[in-house]
Amino acid sequence: MCGITAAIGSIYPKIIDSAGQINNAQFHRGPDSGGFWSSVNDQGQGVVLAHRRLAILDLSSKGSQPMIDGITGNVITYNGEIYNHRELRQELEKKGINFYSDCDTEVILLGYRVWGESILDYLRGMFSFVIWNPQKNHAFCARDRLGIKPFYYSSVQKNDCHTLLIASEVKALLASNLIDRKLNKESLENYLWNGFVISPNTIIDKIFSLPAGYKMIIDLNGGIKRCESYWSMSKHKVNNTSVESLEQELKEAVKMRLMSDVPVGVFLSGGIDSSLVAALSVQADIGTIKTFNLSFEEVEYDESIYAHQVANVLGTEHINIKLSQSQFSNQLENALKSLDQPSFDGLNTYYISRAVREIGIKVVLSGAGGDELFGGYRSFQEIPLALKISHYWSKLPHSLRNKCLKQVTQWNQGRGRDFPPQTRWGKLEDLLSTNGVANTYQVFYSLFTQNFQCQLLDKKDHQNISYGLTNFYQEKFKESLQNEPILNAISDLELAIFLGERLLRDTDATSMANSLEIRLPLIDHHVVNLVRGQTTKNRFYPLGKKFFLRNLMADQLNTQLFERPKSGFVMPIEQWCRQGLKNEISETFNDRSRLAKIGINADAVKALWEAFLAESPGLYWSRIWSIYILCWWCDRHDVVLEN
């Protein structure tokens, strides 16, 4: 796990200096060592590759990057882990390939020599990389199938000089001082819909994200010759897979991710997904497993008792990390700095990652992905119902629909709701007027009603709305979800949007800010392929129970341990916003010029904040927190809507 930097195209002194600044800005991603390599022709065109290393496999200097293939001259800078690198090494050795190191980086580099771009078909893991091929005068770039590892790029121009810059973080590209700190207007609208930014856009205009499962070719002029998908869930499903084959693949996925030359731990909340990962880690019999959970003084948010119960049964060495409101506030600035882009989520991972790293652990396994794959969220129950209601609703006379909506509005106001609720009841009109599973999913998860989003952006109406999605995703879902059964479609949406655009991005940024690598066995692409080939009954029913995962650990854990209402990995931010953070948030929201710089209507924010403080029904903390984070992030990084 590391940080990558590249500059391809016109290479002049400012570009070389900026590449160094980008690399230095990613020091936290790889504090163990760094490297820099460049090659420039007589016309001033070429490539710069740089790297920050967090040593996990082969801790010697032989694993340093950028790494050069002495036979072909190919050079790689790479971020991630390839869990089947030993098997690939053996396969390559049979083809006469000699290795210098024991690290997975060399396996990718020499595998590319043998298989070319088809190397991607062989890799099992998380990765983003750039390989410079001097014989073809182009760079081959790729990102892993689920988008666990980030890959950002931006094209910069000076007179006739054109250069493509690449990094593992948006903030690192900004550190080049070659990119305008201009807020992307579409991203702003999508952020206010979702609470996070949707790729391939980023929060910064002209910085883009390479989509998950994509590869790209960049020529010597810094131009993108080709950018295309090499993997997608819809095209790589394995049909009619047996339960036994999936069970074996899950066990293998966990075992592979325990491979490391440094200590490994497991995040354990006490829920089904993290308990399964902990149980399978114990089964792997590599020694005593350390497990970790984050707890709080506020009893209603504290689930540490469940983590302790699971740990006691499994025999792990369990460490409970308690976070108080004062500790949260004292470390908040550093936590917010860790966010690579604005997001209302992710800080929970920052705090537990910081504590785990201080204990001396460098790698942890997480159970993320189980809910998305096996129907653990409410969306799997409520979206099919919403689609049915919307279908019948559309057949009612227009006058009757208006009368019903008026009654709902009066009912809300009759309950003392001076401020319109931003819950699903409040979004009823939006839900009823929405067609298709992807748009319904987006309305289901949207932070605000469409009317209030317009108020925040000072827009007159919400015609031609994008439902918080970029054109890339609108086109993708139109094709990929068309013939999918409804529960499969919701799962694909959860994996792409909730997991891919929110959880994975925030997890990478906040964990790597603490130089901690997080591994995710439940979204191993072999596992994902096999899960999608299961019958609907095996995979999803009874909805929300995830019986398939429960049964996998029935020999080790009594499944009655999980018979309780589901709760997410959340912090008591709602209480803290009204207490210790109140003055800071008020000061931010009262700064009208600060809000205006990023295109936010100060009057709308004031009304929202006052309603929240008055505990108006239907206003969750995430609504307040998302706007506060956006303001903080843009102010910190001098980002404005228009320069």
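End of the sequence shown sits at 749 in my numbering; the numbers just go up one at a time, nothing left out. A virtual CB, placed ideally from N, CA and C, is assigned to each residue, including glycine.
- Query: Based on the DSSP secondary-structure assignment, which residues constitute the bridge partners of F246?
  - Reply: What you label residue 246 is simply residue 140 of the sequence shown in a count that begins at 1. Under DSSP, F246 takes part in a beta bridge, and its partners are I237 and I323.
- Identified DSSP bridge partners for C560: What you label residue 560 is simply residue 454 of the sequence shown in a count that begins at 1. Answer is none; C560 lacks a bridge partner.
- Query: CB-CB under 7 Å to I378, same chain, minus the five flanking residues each way: which ones, in chain order?
  - Reply: For the purposes of this step, residue 378 is taken as residue 272 along the sequence shown, with counting starting at 1. Only G476, K652, L655, R656 and F668 meet the Cβ criterion.
- Presumed contact (8 Å Cβ cut-off) between D175 and L216, rounded CB distance: By 1-based counting over the sequence shown, the position of residue 175 is 69. By 1-based counting over the sequence shown, the position of residue 216 is 110. Between L216 and D175 the Cβ distance is about 6 Å, and since that is below 8 Å, they are a contact.
- Counting only runs of 4+ residues fully inside the segment 117–166, write out the alpha helix (DSSP H) ranges in chain order. Listed in chain order, they are 119–131.
- Query: Among E212, S124 and G253, which has the Cα closest to the Cα of L789?
  - Reply: Examination of residue 789 is not possible in this model, given that the chain is present from 107 through 749 alone.
- Should I405 go down as buried or exposed, given a rule of 16 or more other Cβ atoms within 10 Å for buried? By 1-based counting over the sequence shown, the position of residue 405 is 299. The sequence shown places Val at residue 405, rather than the Ile named in the question. A residue is called buried when at least 16 other Cβ atoms come within 10 angstroms of its Cβ; V405 does not meet this threshold and is exposed.
- Task: Go to S335, then tell me how far its beta strand (DSSP E) extends in each direction, as first and last residue.
- Result: Residue mapping note: residue 335 aligns to position 229 of the sequence shown, counting from 1. Where S335 is concerned, the enclosing beta strand (DSSP E) starts and stops at I330 to S335.
- Task: Inspect the CB distances between the segment 675–694 and the segment 421–435 and report whether three or more fall short of 8 Å.
- Result: Touching, yes, given that three or more Cβ pairs across the two stretches are closer than 8 Å.
- Item | Simplified DSSP assignment, three categories, for L298 | Residue numbering aside, residue 298 sits at position 192 when the sequence shown is read from its first letter. In this structure, L298 counts as helix in the three-state DSSP scheme.
- Query: F718 lies in the alpha helix (DSSP H); which residues open and close that run?
  - Reply: Locating residue 718 in the sequence shown gives position 612, where the first residue counts as 1. Counting along the chain, the alpha helix (DSSP H) containing F718 begins and ends at A708 to L719.
- Message: Cutting at 6 Å between CB atoms, please list the residues of its own chain near I121, excluding the five before and the five after it.
- Response: By one-based count along the sequence shown, residue 121 stands at place 15. So the qualifying residues of the chain are A113 and T269.
- Task: Determine the contact status of Y184 and I128, defining contact as a CB-CB distance below 8 Å.
- Result: As a first step, residue 184 is located in the sequence shown; it is residue number 78 there, counting from the start. As a first step, residue 128 is located in the sequence shown; it is residue number 22 there, counting from the start. Y184 places its beta carbon 8 Å or farther from that of I128.
- Message: Restricting to Cα atoms, I'd like to know which of G724, C683, S732 and R638 is closest to S51.
- Response: Nothing can be reported for residue 51, as the shown portion of the chain is limited to 107 through 749.
- Length of the line joining the Cα atoms of V153 and G141: On the sequence shown, position 47 is the one that residue 153 refers to. On the sequence shown, position 35 is the one that residue 141 refers to. If I take the Cα positions, the gap works out to 14 Å.
- Runs of alpha helix (DSSP H) wholly within the segment 184–243 (minimum 4 residues, chain order): Counting whole runs of 4 or more residues, the segment 184–243 contains the alpha helix (DSSP H) stretches 191–200, 210–221 and 225–228.
- Query: Does any CB atom of chain C fall closer than 8 Å to the CB of Y228?
  - Reply: Going by chain labels, chain C is absent from the structure shown, which holds only one protein chain.
- Task: Just confirm the distance between the C-beta atoms of K291 and L747, as a whole number of angstroms; I'd bet it's less than 8 Å.
- Result: The residue you call residue 291 lines up with position 185 of the sequence shown. The residue you call residue 747 lines up with position 641 of the sequence shown. About 7 Å; that satisfies the 8 Å criterion.
- Query: Based on Cα-Cα distance, which residue from S572, L725, R698 and V349 lies nearest to Y297?
  - Reply: As a working note, residue 297 is residue 191 in the sequence shown. Measuring C-alpha to C-alpha distances from Y297 to each of S572, L725, R698 and V349 identifies S572 as the nearest.
- Message: Using CA atoms only, rank isn't needed, just tell me which of P306, H631, A544 and F558 is closest to G532.
- Response: Position 426 of the sequence shown, counted from the first residue, corresponds to residue 532. It is F558 whose Cα lies nearest to the Cα of G532.
- With a Cβ-Cβ cutoff of 8 Å, do S472 and T540 count as a contact? Working through the sequence shown from its first residue, we reach residue 472 at position 366. Working through the sequence shown from its first residue, we reach residue 540 at position 434. One thing to note: S472 has its Cβ no nearer than 8 Å to the Cβ of T540.
- Message: Tell me the DSSP secondary structure of S410 in three-state form.
- Response: Walking along the sequence shown from the start, residue 410 turns up at place 304. The answer is helix: DSSP assigns S410 an H, G or I state.
- Query: Which residues mark the beginning and the end of the alpha helix (DSSP H) in which Q548 is found?
  - Reply: Here residue 548 is taken as the residue at index 442 of the sequence shown, counted from 1. From DSSP, the alpha helix (DSSP H) with Q548 extends over V543 to Y551.
- Return helix, strand or coil for V344, following the three-state DSSP convention. Counted from its first residue, the sequence shown places residue 344 at position 238. In the structure shown, V344 adopts coil according to DSSP, grouped into three states.
- Query: For I704 versus L736, is the C-beta spacing smaller than 8 Å?
  - Reply: Numbered from its first residue, the sequence shown carries residue 704 at position 598. Numbered from its first residue, the sequence shown carries residue 736 at position 630. Closer than 8 Å, so yes.
- Message: Any contact between the segment 415–424 and the segment 437–455? By contact I mean 3 or more CB pairs, one from each, below 8 Å.
- Response: No: fewer than three Cβ pairs fall under 8 Å.
- What separation, rounded to the nearest whole angstrom, lies between the Cα atoms of Y206 and R195? Locating residue 206 in the sequence shown gives position 100, where the first residue counts as 1. Locating residue 195 in the sequence shown gives position 89, where the first residue counts as 1. Each residue's alpha carbon lies about 11 Å from the other.
- Message: Please list the terminal residues of the continuous alpha helix (DSSP H) segment that includes E355.
- Response: Walking along the sequence shown from the start, residue 355 turns up at place 249. Boundaries of the alpha helix (DSSP H) around E355: V349 to R363.
- Task: Run through the segment 587–658 for me and flag every whole beta strand (DSSP E) of 3 or more residues, listed as ranges in chain order.
- Result: Those beta strand (DSSP E) runs which fall completely within the segment 587–658 and span 3+ residues are 623–625.
- Query: Between which two residues does the alpha helix (DSSP H) carrying S282 extend?
  - Reply: Reading the sequence shown from its first residue, position 176 is the one you call residue 282. S282: not part of any alpha helix (DSSP H); DSSP gives it neither H nor E.
- Query: Can you tell me whether DSSP reads I114 as helix, strand or coil?
  - Reply: Here residue 114 corresponds to residue number 8 of the sequence shown, with the count starting at 1. I114 sits in a strand when the DSSP states are folded into three classes.
- Task: Spell out a yes or no on whether the segment 188–203 and the segment 226–235 are touching, meaning 3 or more CB-CB pairs, one atom from each, closer than 8 Å.
- Result: With a cut-off of 8 Å on Cβ pairs, the segment 188–203 is in contact with the segment 226–235, counting three or more such pairs.
- Option in N436, C247 and T308 with minimal Cα separation from G319: One-based indexing of the sequence shown puts residue 319 at position 213. Nearest Cα to G319 within the set N436, C247 and T308: C247.
- Message: With three or more C-beta pairs closer than 8 Å as the rule, is the segment 591–600 touching the segment 477–496?
- Response: Contact holds: three or more Cβ-Cβ distances are below 8 Å.
- Run through DSSP, which three-state label would E423 get? Taking the sequence shown and counting its residues from 1, the one referred to as residue 423 is at position 317. Strand, per DSSP.
- Query: DSSP beta-bridge partners for Q263?
  - Reply: The count along the sequence shown starts at 1 and reaches residue 263 at position 157. H268, per the DSSP bridge assignment.
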